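S.K.: The structure that follows is given in the form of structure tokens.
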Amino acid sequence: MTSKTSCEIDEKDSDCCCSNGNNRVNYKLHWDTVYANNPVSKLGWYEKESTPILQLIKKSNINKNDSIFVVGAGSTTLIDNLLQDNYTNITANDISKKGLETLKNRLGDKAEAITWIVGNLVTPTSLNSMAKIKFWIDRAVLHFFTKDKDQDTYFKLLKEKVAKNGFVILAEFNLSGATKCSGLEVKRYDTKMLSSKLGHNFNLLKTFNYVYTMPNGDKRNYVYTLFKRIA
Ligand SMILES: C[S@@+](CC[C@H](N)C(=O)[O-])C[C@H]1O[C@@H](n2cnc3c(N)ncnc32)[C@H](O)[C@@H]1O
Numbered sequence: 069m070t071s072k073t074s075c076e077i078d079e080k081d082s083d084c085c086c087s088n089g090n091n092r093v094n095y096k097l098h099w100d101t102v103y104a105n106n107p108v109s110k111l112g113w114y115e116k117e118s119t120p121i122l123q124l125i126k127k128s129n130i131n132k133n134d135s136i137f138v139v140g141a142g143s144t145t146l147i148d149n150l151l152q153d154n155y156t157n158i159t160a161n162d163i164s165k166k167g168l169e170t171l172k173n174r175l176g177d178k179a180e181a182i183t184w185i186v187g188n189l190v191t192p193t194s195l196n197s198m199a200k201i202k203f204w205i206d207r208a209v210l211h212f213f214t215k216d217k218d219q220d221t222y223f224k225l226l227k228e229k230v231a232k233n234g235f236v237i238l239a240e241f242n243l244s245g246a247t248k249c250s251g252l253e254v255k256r257y258d259t260k261m262l263s264s265k266l267g268h269n270f271n272l273l274k275t276f277n278y279v280y281t282m283p284n285g286d287k288r289n290y291v292y293t294l295f296k297r298i299a
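Under our numbering, the first residue of the sequence shown is numbered 69, with each subsequent residue one higher.
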């Protein structure tokens with residue numbers, strides 16, 4: 069399997085144990101195990117089509133060659149959808165090499181058009197050296213960072229990387245959402261909390277609550293937000 073770019077995770081990341089609630093969790097191992105042991109279409113966040121995110125991207129009117137950075141992409145169908153829609157400058161990140169490998173295998177030859185970065189968003193190393201980007205897309209990733217310190221690191225990286233006039237999509241469990249996902253505790257958000265994390269340099273363009281139906285029929289409540297960086 070070849071790919072345009074492959075930045076492997078630093079060794080210190082792969083051994084990383086991080087706090088989740090009161091527990092110590094080896095996140096890389098956790099997510100690699102999840103992706104190794106479950107078919108993609110059975111995952112509790114699987115979408116046949118990434119419709120709500122695609123709608124928000126359309127609203128931004130970006131060019132097909134603008135840089136799109138999908139954080140915690142795992143094996144998301146969003147990447148398939150973006151390629152179908154002829155976006156040409158896509159980077160997919162995840163802490164789980166296994167998750168990204170599943171996605172790469174599904175894409176086949178098309179995987180070569182994607183830049184792949186295995187890396188931890190809350191202890192960024194290779195991610196720090198990335199160039200500025202036009203679009204940051206997060207679905208169901210930020211809400212796993214339950215510690216202030218990890219949220220601060222995440223938003224510091226986002227603010228360093230999203231260019232002026234760039235866009236951010238944050239789609240997380242809302243305040244009526246589940247308190248756990250994949251066995252891990254989550255922090256739930258509303259639009260105001262996400263706006264406040266981003267600060268005055270980001271204008272809210274669109275927000276809505278969205279009820280996602282899991283493959284087993286259970287419902288999960290999300291808040292979707294689209295922001296534009298104005299300064
Ligand atoms: C619930 S899944 C969502 C996957 C994808 N965004 C989607 O919508 O299908 C959460 C994803 O975040 C990734 N993740 C969790 N912690 C991470 C971290 N610290 N850095 C990068 N990715 C992380 C997991 O490996 C997993 O793929």
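We put the CB at the ideal spot given by N, CA and C, even for glycine. Predicted model only: the values in this text are computed from it and were never measured.
I'd like to know if the stretch 187-200 and the stretch 106-122 are in contact, where contact means that at least 3 CB-CB pairs between them fall below 8 Å.
M.R.: Cβ pair count under 8 Å is below three, so no.
S.K.: Assuming I147 is part of the alpha helix (DSSP H), what are its boundary residues?
M.R.: Within the sequence shown, numbered from 1, the residue matching residue 147 stands at position 79. Taken as a continuous stretch (DSSP letters only), the alpha helix (DSSP H) holding I147 covers L146 to Q152.
S.K.: Could you tell me how far apart the beta carbons of N242 and D258 are, in whole angstroms, since I believe they sit closer than 8 Å?
M.R.: Your numbering for residue 242 matches position 174 in the sequence shown. Your numbering for residue 258 matches position 190 in the sequence shown. Contact flag correct, Cβ pair sits at about 6 Å.
S.K.: V130 lies in the alpha helix (DSSP H); which residues open and close that run?
M.R.: Against the sequence shown, residue 130 aligns to sequence position 62. The question names Val, but residue 130 in the sequence shown is Ile. Taken as a continuous stretch (DSSP letters only), I130 belongs to no alpha helix (DSSP H), as it is neither H nor E.
S.K.: Using only alpha-carbon positions, find the residue among L273, S164 and G234 that is nearest to N50.
M.R.: Any answer about residue 50 is impossible in this case: the structure gives the chain only from 69 up to 299.
S.K.: Look at the alpha carbon of E76 and the alpha carbon of L262, and state the distance between them as a whole number of angstroms.
M.R.: Indexing the sequence shown from 1 puts residue 76 at position 8. Indexing the sequence shown from 1 puts residue 262 at position 194. Legend: pLDDT at E76 = 34, less than 50; position of this residue unreliable, no value from coordinates given.
S.K.: Check whether the stretch 98-117 touches the stretch 131-151, taking contact to mean three or more Cβ pairs, one atom from each stretch, closer than 8 Å.
M.R.: Touching, yes.
S.K.: In chain order, which alpha helix (DSSP H) runs of at least 4 residues are fully inside the stretch 212-288?
M.R.: Listed in chain order, they are 216-229 and 259-266.
S.K.: Determine the extent of the beta strand (DSSP E) in which A160 is found, giving its start and end residues.
M.R.: Position 92 of the sequence shown, counted from the first residue, corresponds to residue 160. Taken as a continuous stretch (DSSP letters only), the beta strand (DSSP E) holding A160 covers I158 to D162.
S.K.: Are there 16 or more other CB atoms within 10 angstroms of the CB of I298, so buried, or fewer, so exposed?
M.R.: Here the question's residue 298 lines up with position 230 in the sequence shown. I298 comes out exposed.
S.K.: Quick one: what does DSSP say K200 is sitting in, helix, strand or coil?
M.R.: In the sequence shown, residue 200 corresponds to position 132, counting from 1. K200: coil per DSSP, three-state reduction.
S.K.: Bridge partners of R297, per DSSP?
M.R.: The residue labelled residue 297 in the question sits at position 229 within the sequence shown. For R297, which the question treats as bridged, DSSP gives the partners F270.
S.K.: If we cut at 9 Å on Cβ distances, does P107 have a partner in chain C?
M.R.: This model lacks chain C altogether; it includes just one protein chain.
S.K.: How big is the Cα-Cα spacing for V209 and Y292?
M.R.: To locate residue 209, count along the sequence shown from 1; it is residue 141. To locate residue 292, count along the sequence shown from 1; it is residue 224. Computed Cα separation, rounded: 13 Å.
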